[in-house]
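Student:
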Amino acid sequence: MLPGFENCGIKEITDWLNFDMEDTGFQLLNDEEIITEVRRSPKEDEAENDSQVKISNNDAFEYFSKGLAWMEQQEQYDSSELMLARKLRDKAARQRMTNLWQMKLSFKSL
Numbered sequence: 002m003l004p005g006f007e008n009c010g011i012k013e014i015t016d017w018l019n020f021d022m023e024d025t026g027f028q029l030l031n032d033e034e035i036i037t038e039v040r041r042s043p044k045e046d047e048a049e050n051d052s053q054v055k056i057s058n059n060d061a062f063e064y065f066s067k068g069l070a071w072m073e074q075q076e077q078y079d080s081s082e083l084m085l086a087r088k089l090r091d092k093a094a095r096q097r098m099t100n101l102w103q104m105k106l107s108f109k110s111l
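Each residue of the sequence shown is one higher than the one before, starting from 2 at the first, in this note's numbering.
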């Protein structure tokens, strides 16, 4: 017997196994439900994700920089964790610079 399951009888085990057979762990859809899901517009998906705020590359860099500074002040972080934080900060910095390079500058021709 497994520790903690000494009081389980055949009925409990059978009920447990039957429940697992009935609950597949995923949603079963018929053909019409599948077509409806596939035809959903991207706008509907965006409406569901409105709660997620888009963070700019500049903000991400600032957050990683502040987080890294905070981690360096703590005693519980080892060098591998600090290296990972630096790597993430540097990646955000590169992404920020890439976006700055891609910005188009408007100018008047002479």
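Ideal Cβ placement from N, Cα and C applies to all residues, glycine included.
Quick check: the segment 68 to 86 against the segment 31 to 45, are at least 3 beta-carbon pairs closer than 8 Å?
Tutor: The answer is no - the segment 68 to 86 does not touch the segment 31 to 45, with fewer than three Cβ pairs under 8 Å.
Student: Return helix, strand or coil for N19, following the three-state DSSP convention.
Tutor: In this structure, N19 counts as helix in the three-state DSSP scheme.
Student: Just the Cα atoms here: how many angstroms apart are D16 and N31?
Tutor: Roughly 27 Å between the two C-alpha positions.
Student: Go through the segment 54 to 93 residue by residue and report every complete run of the alpha helix (DSSP H) that reaches 4 residues or more, in order.
Tutor: Counting only runs of 4 or more, we get 58 to 74.
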